[in-house]
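Structure first, commentary second.
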Amino acid sequence: MAGKLFSKEELNYFKCSSIVLDEVPKMLRQTFATMWDSKIATLPGYRVWDDSTTVRNLLLTREGGKSDISTSKSINDWDCTALFKATIYSNTFGLVTYKSTKTLYHQYLKGRKPSPFHSSVISPTGNPDETVTLAIDQLRLLRNTLCHIPKPTISKVDINYYIQLAKDAFTATGVSVVGIDDIGCLKEEDFPTAIVNELIDGMKTELQETNKFLQQEVMEKISGFENAQEEVMEKISGFENAQATFLHDINGKLEGVKMDIIDQASKNANFQTIPDSCVPPLIPDFVGRNEECEAVGKSMMSQSTRLFSIWGSPGFGKTSMAIATGNQLKNQGESVYYFSFRGVSTMKEFTSKLLGLFIRSTELNHNVNITPADELLRAFRSINIRVFVILDNIDDLLTSSDKKEAVLNFTTDVLHRCPNVCFLTITREFLEFIYSRLQGFDSLRLKPLDAQSSETLILKFLPLSTAVDIQSQISKMCGHVPLAIRLLCTLIKDCPREFLDEINHGSEGLLDVIDDPFCV
1 MAGKLFSKEE
11 LNYFKCSSIV
21 LDEVPKMLRQ
31 TFATMWDSKI
41 ATLPGYRVWD
51 DSTTVRNLLL
61 TREGGKSDIS
71 TSKSINDWDC
81 TALFKATIYS
91 NTFGLVTYKS
101 TKTLYHQYLK
111 GRKPSPFHSS
121 VISPTGNPDE
131 TVTLAIDQLR
141 LLRNTLCHIP
151 KPTISKVDIN
161 YYIQLAKDAF
171 TATGVSVVGI
181 DDIGCLKEED
191 FPTAIVNELI
201 DGMKTELQET
211 NKFLQQEVME
221 KISGFENAQE
231 EVMEKISGFE
241 NAQATFLHDI
251 NGKLEGVKMD
261 IIDQASKNAN
271 FQTIPDSCVP
281 PLIPDFVGRN
291 EECEAVGKSM
301 MSQSTRLFSI
311 WGSPGFGKTS
321 MAIATGNQLK
331 NQGESVYYFS
341 FRGVSTMKEF
351 TSKLLGLFIR
361 STELNHNVNI
371 TPADELLRAF
381 RSINIRVFVI
391 LDNIDDLLTS
401 SDKKEAVLNF
411 TTDVLHRCPN
421 VCFLTITREF
431 LEFIYSRLQG
441 FDSLRLKPLD
451 AQSSETLILK
461 FLPLSTAVDI
471 QSQISKMCGH
481 VPLAIRLLCT
491 LIKDCPREFL
501 DEINHGSEGL
511 LDVIDDPFCV
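full-length UniProt numbering applies: residue 1 is where the sequence shown begins, and numbers increase by one.
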């Protein structure tokens, strides 16, 4: 090779650069795909990582719809910075709590101060997630160290140490080290000028990305400090507010411990014997809705649906529809539980009512730090068969944005942590705030009855000889709304023809005729 001969120390630098620029991204891509397939692809509505636009959009959704990860590009175009953010700094693989999502970095690395590397990439407790996190972070530290070397030279002792660090990280995640060994055996003739220039340019780019990443971390910490300072200044006015802030901070630190206790209790407990299905009998005058019941039941039985919403105006028969669906699922051998929450306006009342069925008083954890919602979550997690919970009349729980957020947090946590629980909700309005933020959501807006079903309902209240020629008129007068038909037929059952004659030929209105004491 013409030109300058490289020293051994320079060759060592080129070898290390090749490992960081070529082998480390391959390992990170393979590890990310393995994590996705084992932790995310098994969830309802997801699929294995095939690098398609669809699966990358699923990743973007799990990241909250906005991410520093270049989900618009193939994973093969992601650099080390993007791959670090997609793994140990990602919400996708984090632990969801009521307040936030703790990334793998925050779970296993926050507070650690490697000097300058981790002493081991193997979890001291045998936790595979911690091992993967340590291995990936070890490569991040190696990348940062190489980017900040003042001169492009590395001693023999250091190169051997760096190569061993990389091999340990690869081995810990189950990735082959053949590529690293091959680079370690390269000689000067394997680094022509073009490749050397490419490595140098690549390391300059990595340095820029590293600095951006570090700057972002610093800015986030500064922002956090500024926010904390503002909060302290706002609350310093009184001792009670300062005390409240202190308790809030303590509770936040205990949140993770509490959830670990709950999870451990669920793992240690035997699967509880779930109660028998609890669904009211069919409403006696429930007619029609066969297609709707079939559509709801089919969706509920699919693995992809975790929450189904029946919604519509009052009087359309939403409750009757939910009860009919519940009985249909029960007759198929499923476990179904119906709850009416009319008048229930707080999450505490809501969770307590559910607890009354799903957990016996002797099983309650009386630790003051464990809320009814935590107890209910523990009960749901211990269920080992699929169950369907019907939540009827939850409109009073949705009267403000704060209440909606509480319902969303509870629902998201249950569906994320309790794979055997599915919900069927009954409301007047569409659950837009859940639809836009929850996977596995399906819905049906209940409309008026069809003409045939309306006339069938009328025959349940009026004699056949009387109703046969006035069914159509009553149906149209009531707008095919079941409750209106039921009420009107009850009021006019003794004189239906006279009533209709008054409406058709008289000057009185509908309400005046109904109020006539001689008619009813």
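A virtual CB, placed ideally from N, CA and C, is assigned to each residue, including glycine.
Per DSSP, reduced to three states, the secondary structure at K102 is strand. Under the three-state reduction of DSSP output, Y46 falls in the coil class, being neither helix nor strand.
Within the region 437 to 494, complete beta strand (DSSP E) segments of at least 3 residues are found at 441 to 445, given in chain order.
The beta carbon of L134 lies closer than 6 Å to those of H118, V121 in the same chain, with the five residues before and after it left out. Between the C-alpha atoms of D450 and L282 there is a straight-line separation of about 20 Å.
Residue nearest to E429 within the set T411, D395, S436 is D395 (criterion: CA-CA distance).
In this structure, P114 keeps its C-beta atom at 9 Å or more from the C-beta atom of D129. Here the region 311 to 325 lies against the region 438 to 448, with 3 or more beta-carbon pairs under 8 Å apart. Check the Cα spacing between M27 and each of R112, I180, R56, K156: the tightest is with I180. Under the criterion of beta carbons closer than 8 Å, L139 and A166 qualify as touching, at roughly 7 Å. For I136, the enclosing alpha helix (DSSP H) starts and ends at 128 to 147. Across the set L354, Q303, G343, the C-alpha of G343 shows the shortest separation from the C-alpha of L397.
Counting C-beta pairs closer than 8 Å gives three or more between the region 369 to 383 and the region 414 to 429, which meets the contact rule. Note that the C-beta distance between T325 and D442 is not below 9 Å. A contact is defined here as three or more CB-CB pairs under 8 Å, and the region 331 to 341 fails this definition with respect to the region 70 to 90. One Cα belongs to D182, the other to F6, and the distance between them is close to 19 Å. Linking Y162 to K298 through their CA atoms gives a straight-line distance of about 57 Å.
Minimum Cα-Cα distance from Y46 among the listed residues L438, I470, I274, R143 corresponds to L438. In the structure shown, S277 adopts coil according to DSSP, grouped into three states.
Comparing alpha carbon positions, the residue from T346, S345, S335, M347 closest to F358 is S335. Our two residues, Q328 and V296, have alpha carbons roughly 10 Å apart in a direct line. Per DSSP, the beta bridge partners of W311 are T427, R445. DSSP links L391 through a beta bridge to F339, T425. Residue burial is scored here from C-beta neighbours: I385 has fewer than 16 other C-beta atoms within 10 angstroms and is therefore classed as exposed. Burial state of K8 is exposed, judged by a 10 Å Cβ sphere holding fewer than 16 other Cβ atoms. Apart from sequence neighbours up to five positions away, the residues of its chain that approach V20 with a beta-carbon distance below 6 Å are R143, L146, ordered along the chain.
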